[in-house]
Amino acid sequence: MDFDLSVIADHWRFLGYGVGVTIVLAAASGAASLALGLGIALARMFGPRWLRVPLVFYIDSMRAVPVLVVLVWTFFALPMLTGLTMPPFAAALIGLSVHLAAYAAEIVRAGVESVRPGQTRASLALGMSRAQILRRIVLPQAIVRMLPAFGSLLSVTIKDTAIASVIAVPELMRQSETLAGQSFQPIEVYSFAMLVYFLLLFPVTRGVDRLYRRVAHLGRS
Amino acid sequence: MTFDWSVVADHRAALVAATGTTILLTIATMAIAVPCGIVVAAVRLYAWPPLRAIAAAYVELFRNLPLILVVYWAFYVLPIATGLGLSPFATGLAALALNVTAYNAETFRAGLGSIRRGQLEAAMALGMSRRQALRRVILPQAVRRILPVLASTWVSLFKDTSLVSVIAVGELAYVAMQIRAQTFRVLEMLTAMAVIYWLLGYPQAKLVDWIQRRYAVTE
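Chains A and Y are the protein sequences, given in the same order. 1 is the number of the first residue of the first sequence in this note's numbering; add one for each residue after it. 1001 is the number of the first residue of the second sequence in this note's numbering; add one for each residue after it.
What follows is the structure in structure tokens.
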């Protein structure tokens, strides 16, 4: 079996562009799902009662359906309903964010609920309002406790961007597919893509672990 | 824009068969990945140190790769590496099993590691052998921690089987997208696909929540 890496060296710009798109897509959908998830979780816990049922339904549905299905549906079927065509990148960003926000919302809820109710009661006794308690007492502790879960969500986000290749977003997976098809050297190209994904993901998982170990004491009560 | 939902009814036999393949793929992968995960976890915990390092490297590698890439990689590399002409189903199964085994190995390792050392020491102080302590004290507690994680891995796996559609395994996502391409009923077929996944996945997700509540451990 020959292993000829010149195909990588010759097309490093093409693959590098893919890495860039992967990072931008992961960062954008990670940030969007975080913001969306925080809003959904807070609305679910502290919002009006009638909002709770649809939000729980949304969260559980997203946990039940594959990302591939969400992406393909957003890209191909949604434009037929709305009449607006979307470029693949926008569809991937929307699909990934809507899917991952459900997971982010569950993480936020678990974090907030892990802060003992005695703390809320004590704050109420001290005369704080609900909003003040959330901002000053509950969230600062909860956020630290959510860190490891958000770290694994970030690594899931990076991995899920590869699925956007199915709707032709030119990220690393898609670029590798194209190059593998054109050069007839799939083994070299896919092995290289594996290396790049590993080098992207491993520091993220390790980095979040380390960060958590440094700040874990802030979340204890 | 008019929609014609009869296309779904016309292809129901194909969709039902594809759903069967999805479920079969999930069950077969788990059937491989649970015993293999136990072996890898055992190697990582108790084996000769160089073997331990290999097991750890395997687990870290596959936990840090997108599954869709593993699927493509298996499709091109496995036939050359093994010299066998594998069917798409077997290739997809191998890729899923490689991925889920790594996750399961980590689950088993963390589950055993989460039982405090003091419990083993206390059991041995009561006159139990190491083996007895493991079987009667450690394992019953570890199982309660491992089971909920395995259950959520199961649901992830059920969803991830959709990714082997990229190498033309005839499971639900692939068949639905094929019918879409043949009939041009895009919205109808894709919605039908999403609804079928939802119908199967929603009860599973709820069951996982129940298992996690039921087996919550207080040491």
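All C-beta atoms, glycine included, are put in the ideal place defined by N, C-alpha and C.
So, at 6 Å on beta carbons, what are the nonlocal neighbours of residue i in its own chain, with the 5 sequence-adjacent residues on each side left out?
i: residue 26 of chain A; result: 157, 158, 161
i: residue 212 of chain A; result: 147, 148
i: residue 1074 of chain Y; result: 1091, 1094, 1095
i: residue 67 of chain A; result: 99, 160, 163
i: residue 1215 of chain Y; result: 1144, 1147, 1148
i: residue 155 of chain A; result: 201, 204, 205
i: residue 1014 of chain Y; result: 1175
i: residue 192 of chain A; result: 8
i: residue 1169 of chain Y; result: 1088, 1089, 1092
i: residue 1043 of chain Y; result: 1051, 1055
i: residue 95 of chain A; result: 70, 71, 74
i: residue 219 of chain A; result: 141, 144, 145
i: residue 1021 of chain Y; result: 1170, 1171
i: residue 1152 of chain Y; result: 1208
When you compare the CB positions of residue i and residue j, do they come within less than 7 Å of one another, or not?
i: residue 31 of chain A; j: residue 59 of chain A; result: no
i: residue 11 of chain A; j: residue 62 of chain A; result: no
i: residue 1161 of chain Y; j: residue 1026 of chain Y; result: yes
i: residue 1032 of chain Y; j: residue 1097 of chain Y; result: yes
i: residue 1139 of chain Y; j: residue 73 of chain A; result: no
i: residue 1111 of chain Y; j: residue 1146 of chain Y; result: yes
i: residue 14 of chain A; j: residue 185 of chain A; result: no
i: residue 1008 of chain Y; j: residue 1171 of chain Y; result: no
i: residue 247 of chain A; j: residue 1065 of chain Y; result: With chain A covering 1 to 221 only, the question about residue 247 of chain A has no answer from this structure.
i: residue 1059 of chain Y; j: residue 1164 of chain Y; result: no
i: residue 171 of chain A; j: residue 18 of chain A; result: yes
i: residue 137 of chain A; j: residue 123 of chain A; result: yes
i: residue 1102 of chain Y; j: residue 1063 of chain Y; result: yes
i: residue 37 of chain A; j: residue 144 of chain A; result: no
i: residue 1105 of chain Y; j: residue 1040 of chain Y; result: yes
I'd like the span of the alpha helix (DSSP H) that includes residue i, first residue to last.
i: residue 115 of chain A; result: Per DSSP, residue 115 of chain A belongs to no alpha helix (DSSP H) and is neither H nor E.
i: residue 220 of chain A; result: Careful: residue 220 of chain A lies outside any alpha helix (DSSP H) and carries neither H nor E.
i: residue 141 of chain A; result: 139-161
i: residue 1068 of chain Y; result: 1067-1082
i: residue 1031 of chain Y; result: 1012-1046
i: residue 1132 of chain Y; result: 1130-1133
i: residue 1209 of chain Y; result: 1186-1214
i: residue 134 of chain A; result: Segment: none, residue 134 of chain A is in no alpha helix (DSSP H) and carries neither H nor E.
i: residue 1097 of chain Y; result: 1088-1113
i: residue 66 of chain A; result: Looking at the DSSP string, residue 66 of chain A is not in any alpha helix (DSSP H), and its letter there is neither H nor E.
Decide if residue i is buried, meaning its Cβ has at least 16 other Cβ atoms within 10 Å, or exposed.
i: residue 215 of chain A; result: exposed
i: residue 1174 of chain Y; result: buried
i: residue 203 of chain A; result: exposed
i: residue 3 of chain A; result: exposed
i: residue 81 of chain A; result: exposed
i: residue 20 of chain A; result: exposed
i: residue 141 of chain A; result: buried
i: residue 1080 of chain Y; result: exposed
Please decide whether residue i counts as near chain A, where near means a Cβ-Cβ distance under 7 Å.
i: residue 1167 of chain Y; result: no
i: residue 1099 of chain Y; result: no
i: residue 1162 of chain Y; result: yes
i: residue 1150 of chain Y; result: no
i: residue 1266 of chain Y; result: Chain Y is shown from 1001 up to 1219; residue 1266 of chain Y falls before or after that span and cannot be answered.
i: residue 1064 of chain Y; result: yes
i: residue 1173 of chain Y; result: yes
i: residue 1154 of chain Y; result: no
i: residue 1186 of chain Y; result: yes
i: residue 1068 of chain Y; result: yes
i: residue 1096 of chain Y; result: no
i: residue 1194 of chain Y; result: yes
i: residue 1083 of chain Y; result: no
i: residue 1190 of chain Y; result: yes
Under 8 Å Cβ to Cβ from residue i, same chain only, skipping five residues before and after it: list those, please.
i: residue 1132 of chain Y; result: 1123
i: residue 56 of chain A; result: 44
i: residue 1004 of chain Y; result: 1185, 1188
i: residue 51 of chain A; result: 43, 44
i: residue 1154 of chain Y; result: 1026, 1030, 1204, 1208
Is there a Cβ of chain Y sitting closer than 7 Å to that of residue i, yes or no?
i: residue 34 of chain A; result: no
i: residue 65 of chain A; result: yes
i: residue 46 of chain A; result: no
i: residue 202 of chain A; result: yes
i: residue 163 of chain A; result: yes
i: residue 193 of chain A; result: yes
i: residue 68 of chain A; result: yes
i: residue 73 of chain A; result: yes
i: residue 197 of chain A; result: yes
i: residue 227 of chain A; result: Only positions 1 to 221 of chain A appear in this structure, which leaves residue 227 of chain A out of reach.
i: residue 31 of chain A; result: no
Return the chain-ordered list of same chain residues with a C-beta closer than 7 Å to the C-beta of residue i, the five sequence neighbours on each side being excluded.
i: residue 102 of chain A; result: 58, 59, 62, 63
i: residue 92 of chain A; result: 25, 71, 164, 167, 169
i: residue 190 of chain A; result: 176, 180
i: residue 1085 of chain Y; result: 1079
Interface residues of chain C around residue i at Cβ under 9 Å?
i: residue 186 of chain A; result: No chain C appears in the structure shown, which is made up of the protein chains A and Y.
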